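What follows is a short report on a single structure.
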Amino acid sequence: MTAILETPRPFPQAANSTTPILSLRNVTRTYGDGEGTITALHPATLDVRPGELVAVNGPSGSGKSTFLSIAGALLRPTSGQVVIAGQDVTALPQGALPAFRLKHLGFVLQSSNLIPYLTVREQLTLVPHLAGRNSREAARQADELLRTLGLLDRARHFPDALSGGQRQRVAIARALMNDPALILADEPTASLDGTRGREVVQMLAREVHERGKAAVMVTHDERVLDLCDRVVRIVDGRLSG
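In the UniProt record's numbering, the protein residues as written are 1 to 241.
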């Protein structure tokens, strides 16, 4: 049965909703050199502001994964500039990127990537533990998120006791634990049926709007695009819309 979600508490919006949290300027990515050069991403420019869920839609092999890896400071662009939460990440040394991602980014992956031997609550508290935060405060925050997402009664369950939709909701909660400015979702509905997929994207959109986050979701799932604030297309490494 679908969990009945409790009415979430209101969260403050970002102070300046006109300033993009994610800004890409003429970003490209190529592989190889000379005649063997392959362009995975042609010059791409995109701004994503607080309270906005943007879908990047395109077929398999269109460059979505390359785009998301660059937007998430996992892959350096060949040229162009990527600014996240006011920081030009293309100017950061490689060694500084893991700490930056931990502080400012939240990731939701195609498969929820939950750790099988951790309970739902432990999945969430692992993130602040890695960041060296107070464990009691982390537990309180985890329970608040689980309550908001209708999962508090699953807090002591292990991933194999959850449905696919519940696992993805846990993944969204985990992505929010470090209070990231930017959430990046990689095909979060790929392993879900239509009903569960819409539930997950509705939940992601609600959290983005109420918490004043920015989010980018790459997807080829046309069934959930109406839930997004904006849809851009990517075909053969070319971003449009």
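All residues carry an ideal CB built from backbone N, CA and C; glycine is no exception.
Being a predicted model, the structure only gives us computed values, none of them experimental.
Bridge partner(s) assigned by DSSP for residue i
i	result
residue 60	None; residue 60 has no bridge partner.
residue 177	Bridge partners of residue 177: none, in fact.
residue 31	38
residue 106	183
residue 230	54
residue 219	57
residue 235	238
residue 214	52, 182
Own chain, CB closer than 8 angstroms to residue i, minus 5 neighbours either side, in chain order
i	result
residue 15	In this prediction, residue 15 has a pLDDT of 38, which is less than 50 and means its spatial position is unreliable; nothing more can be read from the coordinates.
residue 1	Because residue 1 carries a pLDDT of 35, less than 50, the predicted location of this residue cannot be relied on, and the following value inherits that uncertainty. So no residue of the chain qualifies.
residue 139	121, 125
residue 90	76, 77, 80, 81, 82
residue 223	189, 194, 197, 198
residue 20	47, 48, 49, 83, 214
Cβ-based neighbour list, residue i, same chain, cut-off 7 angstroms, excluding 5 preceding and 5 following
i	result
residue 164	191, 192, 196
residue 127	174, 177, 178
residue 159	114, 116, 167
residue 112	167, 168, 170, 171
residue 231	55, 57, 225, 241
residue 203	149, 169, 172
residue 104	84, 85, 180, 181, 182
Inter-residue CB distance, residue i and residue j (contact presumed, cutoff 8 angstroms)
i	j	result
residue 214	residue 50	6 angstroms
residue 149	residue 115	Contact flag wrong, Cβ pair sits at about 18 angstroms.
residue 56	residue 22	11 angstroms between Cβ atoms; not a contact.
residue 234	residue 63	5 angstroms
residue 119	residue 71	Contact flag wrong, Cβ pair sits at about 31 angstroms.
Contact set for residue i: own chain, Cβ-Cβ below 6 angstroms, skip 5 residues either direction
i	result
residue 43	26, 28
residue 10	Below a pLDDT of 50, predicted positions are generally treated as unreliable, and residue 10, at 32, falls in that range; the measurement from the model is reported next regardless. Closer than 6 angstroms at Cβ, skipping near neighbours: no residue.
residue 187	110, 219
residue 101	73
residue 142	121, 124, 125
residue 238	42
residue 185	108, 217
residue 94	none
residue 30	37, 39, 78
*Taking only runs of the alpha helix (DSSP H) that begin and end inside the segment 36-101, which ones reach a length of at least 4 residues, in chain order?*
64-71
_Report the start-end ranges of each alpha helix (DSSP H) in the segment 133-165 that is 4 residues or longer and not cut off at the edges._
135-148
*asked:* Quick test of the definition: if touching needs 3 or more C-beta pairs under 8 angstroms, does the segment 203-213 touch the segment 51-58?
replied: yes
*Between the segment 115-124 and the segment 84-100, do three or more beta carbon pairs fall short of 8 angstroms?*
no
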